[in-house]
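Each remark here refers to the structure printed beneath this line.
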Amino acid sequence: MWVYTNKFDEDGYFLKAKARLVVRGDLQTQWGDTYAATLAAKTFRALIAMSTKFGLLMFQYDAMNAFLNARVPRKLYCNTPEGFTTQFGALLLLRRALYGLKEAPLLWYQDLANTLQDLGLKQIPNTPCLFANNSLIVFFYVDDIVVLVHPSKLDIHKEFQDKLFKKYELRSMGQLNWFLGIRVVRDISQQSTWLIQDAFIDKVAHKYNLMEGATTLPDFPMAETNLEPNTVVDKALKKRYQQLVGSLAYISVFTRPDISLTHSILSRYLNNPGEQHLRAAIHAWRFLVKTRNFALKASALTPDNTGYSIPGTAFNPEPIFFGAADASFADDLSTRRSSDGYLFKLFGMPIDWKATKQRSVTKSTTEAELYALSRAASEFIWWNNLFDQLNFKTDITPVIYCDNKQTVGIVTKATERLQTKLKHVDIHQLWLRQAVERGEVNVQWISTAQMPADGLTKALPKQKHVNFTRQLGLEDITKRLLSLHNN
């Protein structure tokens, strides 16, 4: 069948009308594996931070009709599209992975992965869509391909690019400016890069008419924290609520850790929202409209002090790479499960964060903090493995910060241990102690006032939220965006 669409640019301006021939995958009765891995948001942010620090150029390419490059490995027939039955008959043998075919994304992923390996790159283990060798780093998301290279190795990049162009029909996009709806702003003179989703925020606000009746815009994202499931659900309200919270997920996952907790709370009521929940979702979006020019920043320069010092010193700049884990004990009124969160920063940019409700009820603050620290430590080890694969070394021992002294003592001191008969709690405790003893994790205490993950576990009042935003390194780049538009 034919599908007709209009294509718009990142700012919403019309580019062209498109007609695409697709197959009806919804009618497909036989298929094998269909899952195609995609690039994780955290991997993208880390690569941007590293490119900023080491002055890597970021070349972007768009694979034209990407899926059609992959061959279908079995016999598969489809109906002849309208207008061609006289010439070709009623059925056609499908030789290429047309859009709509259930396994088309996987077939394209495999084809591109094989090509990159043939060109001398190796796939980074446990990190989908990331390939590298001693000269190049390549990552992609479906048909968006980005190549990172140091200016001293442009000849190697040119050779690689020529070979890639011989294999695929590609459109060269120049230096990376947009990726998955994220604006990438780079200032070479300041050795800084910003990631921002201002255009997407404006698009959602306009689509759902979120500014109607708004006299003032809120200063923090969460208006009401004591939410309860609704007993009688209005279908129209439920649909609108799900759309707003779903769009909120895209923002919180990619560029706005300051609303991660808000999204985590609102997503608990997707099946039973009421007027109170809808008001909270609209409140969160109006906060985003007010702060739509807030951006994540990575810097090659020595990081500025973002509101806390390294323990034992006085107001030093934050480390090159570090993590922080926090928990809010039994704060869910209906289940008494605790909230926890973690944050990792690299060269001043938050690259990884999570805000969630713990799966089990804990009996103390220390147990809740152990859960949070265990989850963060697992992520910490994953990051260290990735850095090793990319031959990235820091001059200092990376640290995970925790603001609970008893928890830190339990996992770092041989004489201290949490006495518990709960097997699942003991497992987290012993695994953390083992990771510390092996040197895989370095845990240190930090005060609650200095804890950068505090806003991932509890809704903060205005002034504390401002401080949390500052600790995250979010920066208002309104003037910089105006300068870009004027140019």
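Numbering of the sequence shown is given in full-length UniProt numbering, commencing with residue 1 and proceeding in unit increments. C-beta atoms are modelled at their ideal positions from N, C-alpha and C, and glycine is treated no differently.
Asn6 is bridged by DSSP to Ala17.
Excluding residues up to 5 positions away in sequence, Lys102, Glu103 and Leu106 lie with their Cβ nearer than 7 angstroms to the Cβ of Thr34 in the same chain. Out of Phe344, Cys402, Arg336 and Leu195, the CA that lies nearest to the CA of Ile320 is found in Phe344. Looking at Val23, Asn272 and Leu39, the one whose alpha-carbon comes closest to that of Val138 is Leu39. In the three-state reduction of the DSSP assignment, Thr34 falls in the coil class.
Between Leu296 and Trp383, the C-beta spacing is not below 8 angstroms. Around the Cβ of Gln471, a 10 Å sphere holds 16 or more other Cβ atoms; the residue is buried.
With contact defined as three or more Cβ pairs closer than 8 angstroms, the stretch 425-435 and the stretch 367-378 are in contact. For Val138, the uninterrupted beta strand (DSSP E) run begins and ends at Leu136 to Tyr141, by DSSP. Linking Leu460 to Ile156 through their CA atoms gives a straight-line distance of about 50 angstroms. Scanning Ala300, Phe294 and Asn230 for the CA closest to the CA of Leu266 turns up Asn230. In the DSSP assignment, Tyr241 falls within the unbroken alpha helix (DSSP H) covering Lys235 to Phe254.
Exposure of Arg74 is indicated by the presence of fewer than 16 other C-beta atoms within 10 angstroms of its C-beta. Its Cα nearest to that of Phe254, the residue Phe179 stands out among Leu91, Arg433 and Phe179.
DSSP, read as helix, strand or coil, puts Gly89 in coil. Per DSSP, reduced to three states, the secondary structure at Ser192 is strand. The shortest CA-to-CA distance from Ala17 to any of Val3, Ser360 and Val289 is the one to Val3. In terms of Cα proximity to Leu91, the closest of Ala327, Phe84 and Cys78 is Cys78. A Cβ-Cβ distance of about 4 angstroms is found for the pair Asp352 and Lys42, placing them in contact under the 8 angstroms criterion.
An exposed status is given to Glu275, since fewer than 16 other beta-carbon atoms sit within 10 Å of its beta-carbon. Taking C-beta atoms under 8 angstroms as the contact rule, Pro273 and Tyr241 qualify, at a distance of about 4 angstroms. Of all C-beta pairs linking the stretch 139-152 to the stretch 197-207, fewer than three are shorter than 8 angstroms, placing the two stretches out of contact. Between the beta-carbon of Arg96 and that of Ala70 there is about 7 angstroms, and that keeps the pair under the 8 angstroms contact cut. Ranked by how close their Cα comes to the Cα of Pro218, the residues Val466, Lys167 and Asn65 have Val466 in first place. The shortest C-alpha to C-alpha distance from Thr407 to any of Arg433, Asn385, Pro398 and Thr394 is the one to Arg433. Apart from the 5 residues on each side of it in sequence, Leu21 sits with its Cβ closer than 7 angstroms to the Cβ of Trp2, Pro81 and Leu98 in its chain, given in chain order. DSSP places Asp454 in the helix class (H, G or I) of the three-state scheme. For Asp9, same chain residues with a beta-carbon under 8 angstroms away, outside a window of 5 residues either side, are Leu15 in chain order. When beta bridges are read from the DSSP output, Ala327 appears opposite Asp340. Separation of Leu386 and Asn133 (C-alpha to C-alpha, rounded to the nearest whole angstrom) is 14 angstroms.
Boundaries of the beta strand (DSSP E) harbouring Ser172: Leu170 to Gln175, taken from the DSSP string. DSSP, read as helix, strand or coil, puts Ala63 in strand. Taking 8 angstroms as the cut-off, the Cβ atoms of Met64 and Leu176 do not count as close. Assignment of Glu379 by DSSP, reduced to helix, strand and coil, places it in the helix class. Apart from sequence neighbours up to five positions away, the residues of its chain that approach His283 with a beta-carbon distance below 7 angstroms are Pro218 and Ala223, ordered along the chain. Between Trp31 and Ala66, the C-beta spacing is not below 8 angstroms.
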